[in-house]
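Numbering (this note's numbering), first residue to last: 1446 to 1731.
Even glycine gets a Cβ: it sits at the ideal position worked out from N, Cα and C.
Being a predicted model, the structure only gives us computed values, none of them experimental.
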Ligand code: AMP
């Protein structure tokens, strides 16, 4: 496994890889969710490139950029064991020698939910993902369904900007009690960790009720909200994953996504679940 920190060296080493390349962009502090992405890339591509970059552009001024967990040695060991060909772990000055003048700004897809709560976040994500795609020029790139709005934006980025890389979505990896794995879970105290699965419990309730044919999203969300305490809600919503706009009514026969964010103490958790609404004639009469 090559460990590379300079863009020039990355280009040279990538050019020397003969077969299809799969890219897995990460911010490090790797867990089994990241490992699942790498394993999928390993199965589907001749070579795998993983990037580890805590991207300053996607953190707001009051967010956890400086204290975001960094565990380079453990990450390298894990990736070596997974058979990764190249790890690209640049310093911020390598990726951004000067503040960028040209940026990628999602419009509607970044307007609500994470985009509303974290102004500038998706601009930072889309800009850095485009830079990484340009630097690595992979045939395939792998992203987690865990960050569903980010995934939707990256799929659209590829479409709108004629990027040839095929974007793959990977299922969310969870703890036994349902909590989605996240590098930020290390921030949780024992009590907060105990309460953290309430977020997925609330989302499961949304999935169940919409799956039963209930279409009043506002009412469904009000019910689901009851399950969050002692977590503090940031948002709960239901969206068409191609649009990421809050829905009030769930259309029949649609694949929708229930999204949520909540605070466990100072730690912000996000999660989502896919829900298939029944076709009209199958709907339960209430
Ligand atoms: P991050 O390091 O948090 O930026 O995540 C890097 C990639 O891993 C993103 O595409 C995430 O969506 C994905 N990811 C993070 N957590 C999980 C998880 N629990 N299951 C699957 N993918 C994940």
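{"Query": "According to DSSP, simplified to helix, strand and coil, what is residue 1567?", "Result": "helix"}
{"Query": "Out of 1498, 1505, 1566 and 1524, point me to the one whose CA is closest to residue 1515's CA.", "Result": "1498"}
{"Query": "DSSP three-state label for residue 1603, please.", "Result": "helix"}
{"Query": "Quick check on residue 1612: does DSSP put it in helix, strand or coil?", "Result": "strand"}
{"Query": "When you compare each of 1673, 1651 and 1709 to residue 1665 by their alpha carbons, which one comes out closest?", "Result": "1651"}
{"Query": "Between 1646, 1530, 1636 and 1617, which has its C-alpha nearest residue 1592's C-alpha?", "Result": "1617"}
{"Query": "Any contact of the region 1588 to 1602 with the region 1683 to 1696, i.e. 3+ C-beta pairs under 8 Å?", "Result": "yes"}
{"Query": "Are the CB atoms of residue 1583 and residue 1478 within a distance shorter than 8 Å?", "Result": "no"}
{"Query": "Nearest-angstrom Cα distance between residue 1611 and residue 1647?", "Result": "33 Å"}
{"Query": "For residue 1458, which residues in the same chain have their Cβ closer than 7 Å to its Cβ, ignoring the five residues on either side in sequence?", "Result": "1447, 1449 and 1531"}
{"Query": "According to DSSP, simplified to helix, strand and coil, what is residue 1519?", "Result": "helix"}
{"Query": "Starting from the N-terminal side, write out each stretch of the beta strand (DSSP E) that is 3 residues or longer and does not extend beyond the region 1467 to 1531.", "Result": "1492 to 1497"}
{"Query": "Give the residues whose C-beta lies closer than 6 Å to at least one heavy atom of ligand 1, in chain order.", "Result": "1471, 1472, 1478, 1479, 1481, 1482, 1588, 1589, 1591, 1592, 1615, 1617, 1618, 1625, 1626, 1627 and 1628"}
{"Query": "Can you give me the C-alpha to C-alpha distance between residue 1464 and residue 1619, rounded to a whole angstrom?", "Result": "32 Å"}
{"Query": "Give me, in chain order, the residues of the same chain whose beta-carbon lies closer than 8 Å to that of residue 1581; leave out the 5 immediate sequence neighbours on both sides.", "Result": "1455, 1459, 1466, 1468, 1494, 1496 and 1533"}
{"Query": "Take residue 1541 and list the residues in its own chain whose beta-carbon comes closer than 8 Å to its own, dropping the five residues that flank it on each side.", "Result": "1501 and 1502"}
{"Query": "Could you pull the DSSP bridge partners for residue 1712 from this structure?", "Result": "1709"}
{"Query": "Label residue 1705 either buried or exposed according to how many other C-beta atoms from any shown protein chain fall within 10 Å of its C-beta, with 16 as the threshold for buried.", "Result": "buried"}
{"Query": "Let me check understanding here. Comparing Cα to Cα, which of 1539, 1588, 1474 and 1627 lies closest to residue 1484?", "Result": "1588"}
{"Query": "According to the Cβ coordinates, are residue 1668 and residue 1723 closer than 8 Å?", "Result": "no"}
{"Query": "Ordered along the chain, which non-local residues of its own chain (more than five positions away) have a Cβ less than 8 Å from that of residue 1506?", "Result": "none"}
{"Query": "Should residue 1551 be labelled buried (16 or more other beta-carbon atoms within 10 Å of its own) or exposed?", "Result": "buried"}
{"Query": "From which residue to which residue does the alpha helix (DSSP H) around residue 1457 run?", "Result": "1452 to 1460"}
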